[in-house]
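Please read the structure below before turning to the comments.
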Amino acid sequence: QVAAVRVYVNSSSENLQYPVLFVVRQQKGVLSWQVPLIFRGLYQRTYNYQEVSRTLCPSEPTPETRPSDQIIFVDIASMAPFNIAYELLVTRLENFQLETNKAFNFTASPSQPQYFLYKFPQDVDSVIINVVSDAAYPCSVVSVQDIVCPVYDLDHNVEFNGVYQSMTKQAAITVQRKDFPGEQFFVVFVIKPEDYACGGSVPSSIHGNVNRTWNLQRTKNLQVTIVPSIKKSVYVQAMFFSFLSFLSFYLGSVVVAFVHYIRVQRKASAGRLSPEHGSGMMTSSQPISASTPEGSSYGAIDESSSSGGRQLSSPERRPPAGSDTDSSVEEESDFDTMPEIESDKNIIRTKVFLYLSDLSRKDRRIVSKKYKIYFWNIITIAVFYALPVIQLVITYQTVVNVTGNQDICYYNFLCAHPLGVLSAFNNILSNVGHMMLGFLFLLIVLRRDILHRRAMEMKDIYTLDYGIPKHFGLFYAMGIALMMEGVLSACYHVCPNYSNFQFDTSFMYMIAGLCMLKLYQTRHPDINASAYSAYASFAVVISLAVLGVVFGKNDMWFWVIFSLIHILASLALSTQIYYMGRFKIDDPDSDMGIFRRAVMVLYTDCIQQCSRPMYMDRMVLLIVGNLVNWSFAVFGLVYRPRDFASYILGIFICNLLLYLAFYIIMKLRSSEKLLPIPLFCIVATAVVWAAALYFFFQTLSSWEETPAESREKNRPCILLGFFDDHDVWHFLSAAALFFSFLVLLTLDDDLDTVRRDKIPVF
1 QVAAVRVYVN SSSENLQYPV LFVVRQQKGV LSWQVPLIFR GLYQRTYNYQ EVSRTLCPSE
61 PTPETRPSDQ IIFVDIASMA PFNIAYELLV TRLENFQLET NKAFNFTASP SQPQYFLYKF
121 PQDVDSVIIN VVSDAAYPCS VVSVQDIVCP VYDLDHNVEF NGVYQSMTKQ AAITVQRKDF
181 PGEQFFVVFV IKPEDYACGG SVPSSIHGNV NRTWNLQRTK NLQVTIVPSI KKSVYVQAMF
241 FSFLSFLSFY LGSVVVAFVH YIRVQRKASA GRLSPEHGSG MMTSSQPISA STPEGSSYGA
301 IDESSSSGGR QLSSPERRPP AGSDTDSSVE EESDFDTMPE IESDKNIIRT KVFLYLSDLS
361 RKDRRIVSKK YKIYFWNIIT IAVFYALPVI QLVITYQTVV NVTGNQDICY YNFLCAHPLG
421 VLSAFNNILS NVGHMMLGFL FLLIVLRRDI LHRRAMEMKD IYTLDYGIPK HFGLFYAMGI
481 ALMMEGVLSA CYHVCPNYSN FQFDTSFMYM IAGLCMLKLY QTRHPDINAS AYSAYASFAV
541 VISLAVLGVV FGKNDMWFWV IFSLIHILAS LALSTQIYYM GRFKIDDPDS DMGIFRRAVM
601 VLYTDCIQQC SRPMYMDRMV LLIVGNLVNW SFAVFGLVYR PRDFASYILG IFICNLLLYL
661 AFYIIMKLRS SEKLLPIPLF CIVATAVVWA AALYFFFQTL SSWEETPAES REKNRPCILL
721 GFFDDHDVWH FLSAAALFFS FLVLLTLDDD LDTVRRDKIP VF
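Under the UniProt record's numbering, the letters of the sequence shown match residues 1 to 762, in that order.
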């Protein structure tokens, strides 16, 4: 055991012009202070203390002295022209060295800081210093410093050395043996003179013009416990668990693929598959593990033909079905630039009952290329977005490591396991699921795309007008978005804080938006948004999210403008959806055409047909959707939530769930059925999302508060002694998003043998 000496001094003098100076000379250092001891706060406020107690840096024994001997010189001086009374008391600290797994209670104040020594046991490479207090205030600082004299144990210098955290009720610092060559360190506890750093207010006794306070009572009872951290074997187990958990999804896909292949081969050999339709339906209904025998017509379609308005082109005039080569004459505007086709669209899309053949009239190759732009654009966006993000978070982590300021990053410090330069490796590792499942989804889509191309090469004209048109560009974009969500979430968790939270949410907005676009594109392939307008809309949303984080806390004007934009955007989008993109308010013949058109539309659709809208199903969806969005707008205007990024994400998710529920209900109303795989994916999605959201709402930190207040929410690990609740959310949300994507991929596989002029649009 190492013993230390503590010096207590007290002076009744309140004369700040002539303080009493105390200088303590030791073997390797000099420690000095004055009484009254002055601390400075905000706005030139000062806090004066007449009682001061300091622990002297323990001396190392030399050959000339016994281990327990310490030679100390105490010099006392004052320039006062009169006598000043003081009290000096030197005591020996018997409990100076902290022990592993043993709680120690003590008291500290601004003028009486405390620090203790800890030595690593032989078999321990890493420890966690847990500090708790029953009272949130006064605000305190916990610091870990190397064995160097003097020890920085006052408010104005505690940040000069080592690692430190501010604290209200709880603090935790992980310390590794490799960072301290002497295999020992000091744990320093400092009480701050004011509480603003921890989120508290200035003491009421100094409000007004009084800027000087004497002997303010700011004593805090603290308990410190040092426990061993996890061993290296736990890191290995956690990494194996993370990768094997998601590799099981790959294994499951292979097993299902093999089982389905055997079933298809047996049915084909028994002659029970129709060469025109049977194998196409069987193959397309199993997107995870489909295997198409030679001669199959899996998903064979051609959108250049439609039974809703034109005759099928002859085989001689039709371009090769599998041809997707670029051509300068193949542009998306091939139909739209022709006046008669424009008129045709107005006639078709305003029918009361629309079928898929009415909205899949454009050439398949042109539409497929249009949707492939989603894929290439999101790759470009991902590269340009991710590179500066990675550079920034590396800088953040470097600043934390160099300065020792652990208030920069909002970790769950009770479950933050460092590895290398990373302070919380577990929060980064848990994002591997997004990347692995995103890649698996890309493989599933690629396989389906290849099978579709093989079917198109058969040039089976009879099957070209069956099923939902197969365009895979949006699916590829969704897979990339899922992978990038994992990458950017990992970047955010390198140093989670107020400044970089948008990294964790940007691709969440894109995922929700792409899912809604894909759901709409399923039965509206010709009139879905282009990639450029879609990504431009996402850019506007992300810009609003950044503005909301900066201005959304206290500025009422921002919430008024945002709510107006939200409501107007909902109305404009509803109008386009209701009229299938054929609503126009321009009239070249009159300067008042815009207003005349608006009045005519209101009169025709809201007065003449007020009893029953022309498109009842669409009207019901849009009314409910607008009510939900207006409710969000009113809620934001009234309550002004501080977490603006999550608020916008909630808007996206609610709209996506509403549209998906509407789609499934309308599908069942139309006497369509759910095949086993999409039904399983729907159930799995609901179950996994419910479990994931439970862990999501287990708040472990919050950058909306001060670092000290955020640490009050910290909790220990719950999985393998390595992962916390938020890591489990990462695991489950990755699986939930994967199943959600599979729902969109497989939902309409039952329609692969149904003619498009029999498939309703909703």
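Beta carbons are placed, not taken as given, at the ideal position from N, Cα and C, and that holds for glycine.
Quick caveat, the model's predicted, so the values are computed rather than measured.
Exercise for review: Starting from the C-beta of Tyr137, find all residues in its chain whose C-beta is less than 6 Å away, skip the five residues before and the five after it, and write them out in chain order.
Suggested key: Its chain contains Asp195, Gly200 as the residues whose beta carbon lies nearer than 6 Å to that of Tyr137, once the 5 sequence neighbours on both sides are disregarded; these appear in chain order.
Review point. According to DSSP, what are the bridge partners of Asn405?
Key: Beta-bridge pairing links Asn405 to Tyr164.
Check your understanding: Are Ser193 and Tyr43 close, meaning C-beta to C-beta below 8 Å?
Key -> Going by the sequence as given, residue 193 is Pro instead of Ser. For Pro193 and Tyr43, no; Cβs fall outside 8 Å.
Check your understanding: If you compare alpha carbons, which of Gly162, Arg715, Ser646 is closest to Phe189?
Key -> Between Phe189 and the set Gly162, Arg715, Ser646, the nearest pair of CA atoms involves Gly162.
Review point. With Phe538 and Met510 assumed to form a contact (beta carbons below 8 Å), what rounded beta-carbon distance in angstroms separates them?
Key: Between the beta-carbon of Phe538 and that of Met510 there is about 5 Å, and that keeps the pair under the 8 Å contact cut.
Point to revise | Where the alpha helix (DSSP H) containing Leu89 begins and where it ends | key: Per DSSP, Leu89 lies in no alpha helix (DSSP H); the unbroken beta strand (DSSP E) holding it starts and ends at 86 to 93.
Check your understanding: When the Cα atoms are used, what is the spatial distance from Asp412 to Gln265?
Key -> Correcting the residue identity first, residue 412 is Asn in this sequence and not Asp. One Cα belongs to Asn412, the other to Gln265, and the distance between them is close to 53 Å.
Check your understanding: With Ile381 and Tyr532 assumed to form a contact (beta carbons below 8 Å), what rounded beta-carbon distance in angstroms separates them?
Key -> Wrong, their Cβ atoms sit about 12 Å apart, outside the cutoff.
**Study point:** Limits of the unbroken alpha helix (DSSP H) element including Lys518
**Key:** Taken as a continuous stretch (DSSP letters only), the alpha helix (DSSP H) holding Lys518 covers 502 to 523.
Check your understanding: To which residues does DSSP link Asn655 through a beta bridge?
Key -> BP columns for Asn655 are empty, so no partner.
Review point. Near Leu517, which residues of its chain fall below 7 Å by C-beta distance, leaving aside the five closest residues on each side in sequence?
Key: Counting only Cβ-Cβ distances below 7 Å, and skipping sequence neighbours, we find Leu474, Asn528, Ala529, Ala534.
Exercise for review: Write down every uninterrupted run of the alpha helix (DSSP H) in the region 609 to 688 whose length is 4 residues or greater and which is fully enclosed by it, in chain order.
Suggested key: Listed in chain order, the complete alpha helix (DSSP H) runs (minimum 4 residues) inside the region 609 to 688 are 616 to 639, 644 to 669.
Exercise for review: Could you tell me which residues DSSP puts in a beta bridge with residue 765?
Suggested key: Nothing in the structure corresponds to residue 765, since the chain is present only between 1 and 762.
Practice item. Quick one: residues in its chain with C-beta nearer than 7 Å to the C-beta of Gly29, no 5 flanking neighbours on either side, listed in chain order? Key: Answer for Gly29: Cys57, Cys149, Pro150, listed in chain order.
**Study point:** Nearest to Asp407 (by Cα), restricted to the options Asp123, Gln50, Tyr164
**Key:** Closest in C-alpha terms to Asp407, from the list Asp123, Gln50, Tyr164, comes Tyr164.
**Study point:** Burial state of Ser140, where buried means 16 or more other Cβ atoms lie within 10 Å
**Key:** Result: buried.
Point to revise | Pairwise C-alpha distance: Cys495 and Glu87 | key: When rounded, the separation of the alpha-carbon atoms in Glu87 and Cys495 is 48 Å.
Check your understanding: Under 8 Å, do Trp559 and Leu637 count as touching if we go by C-beta distance?
Key -> It is a contact, given that the beta carbons lie within the stated cut-off.
Check your understanding: Between which two residues does the alpha helix (DSSP H) carrying Ala531 extend?
Key -> Ala531 -> alpha helix (DSSP H) spans 531 to 551.
Check your understanding: Can you tell which of Leu657, Ala490, Ala572 has the C-alpha that lies nearest to the C-alpha of Gly513?
Key -> Selection Leu657, Ala490, Ala572 evaluated against Gly513 yields Leu657 as nearest (Cα-Cα).
Exercise for review: Pull up the distance between the alpha-carbon of Trp703 and that of Thr505, whole angstroms please.
Suggested key: Each residue's Cα considered, the two are about 15 Å apart.
Exercise for review: Please report the residue range of the alpha helix (DSSP H) in which Val23 lies.
Suggested key: No alpha helix (DSSP H) contains Val23, which is instead part of the beta strand (DSSP E) from 20 to 25.
Point to revise | Neighbourhood of Ser133 by C-beta distance below 8 Å, restricted to the same chain and skipping five residues each side | key: So the list reads Ser140, Met167, Thr168, Lys169, Gln170, Lys220, Asn221, Leu222, Gln223, once near-sequence residues are dropped.
Point to revise | Distance between Leu244 and Asn157 (C-alpha atoms, nearest Å) | key: Distance from the CA of Asn157 to the CA of Leu244, rounded to the nearest whole angstrom, comes to 48 Å.
Exercise for review: Taking all protein chains shown into account, decide if Arg756 is buried (16 or more other Cβ within 10 angstroms of its Cβ) or exposed.
Suggested key: By the neighbour-count rule (16 or more Cβ atoms within 10 Å), Arg756 is buried.
Exercise for review: Could you check what DSSP says for Ile76 in three-state terms: helix, strand or coil?
Suggested key: The answer is strand: DSSP assigns Ile76 an E or B state.
Point to revise | Whole-angstrom C-beta distance between Pro678 and Val743, which should lie under 8 Å | key: For a cut-off of 8 Å, the C-beta gap from Val743 to Pro678 is around 6 Å, short enough to register as a contact.
Practice item. Could you please give the first and the last residue of the uninterrupted alpha helix (DSSP H) stretch that includes Asn426? Key: Here the alpha helix (DSSP H) through Asn426 covers 425 to 429.
**Study point:** Cross-strand partners of Lys192 (DSSP beta bridge)
**Key:** DSSP output for Lys192 lists no bridge partner at all.
Practice item. Could you check what DSSP says for Ile585 in three-state terms: helix, strand or coil? Key: Only weak support exists for where Ile585 lies, its pLDDT of 47 falling under 50; the coordinates are left without a value.
**Study point:** Meets three-Cβ-pair contact criterion under 8 Å: the region 365 to 384 and the region 397 to 405
**Key:** Because the criterion of three Cβ pairs below 8 Å is not met, the region 365 to 384 and the region 397 to 405 do not touch.
Exercise for review: Check whether the region 678 to 698 touches the region 726 to 739, taking contact to mean three or more Cβ pairs, one atom from each stretch, closer than 8 Å.
Suggested key: The region 678 to 698, when compared against the region 726 to 739, does touch it at the 8 Å Cβ threshold.
Exercise for review: Just the C-alpha distance for Ser12 and Leu89, rounded to the nearest angstrom, thanks.
Suggested key: Spanning the two alpha carbons is a distance of roughly 15 Å.
Point to revise | Three-state class that DSSP yields for Thr55 in the structure shown | key: In this structure, Thr55 counts as strand in the three-state DSSP scheme.
Practice item. Since I believe Phe503 is in contact with Leu488 (beta carbons under 8 Å), could you give me their beta-carbon distance rounded to a whole number of angstroms? Key: Sure, about 5 Å apart at Cβ, within 8 Å.
**Study point:** Extent of the continuous alpha helix (DSSP H) to which Ile444 belongs
**Key:** Unbroken alpha helix (DSSP H) run through Ile444: 432 to 457.
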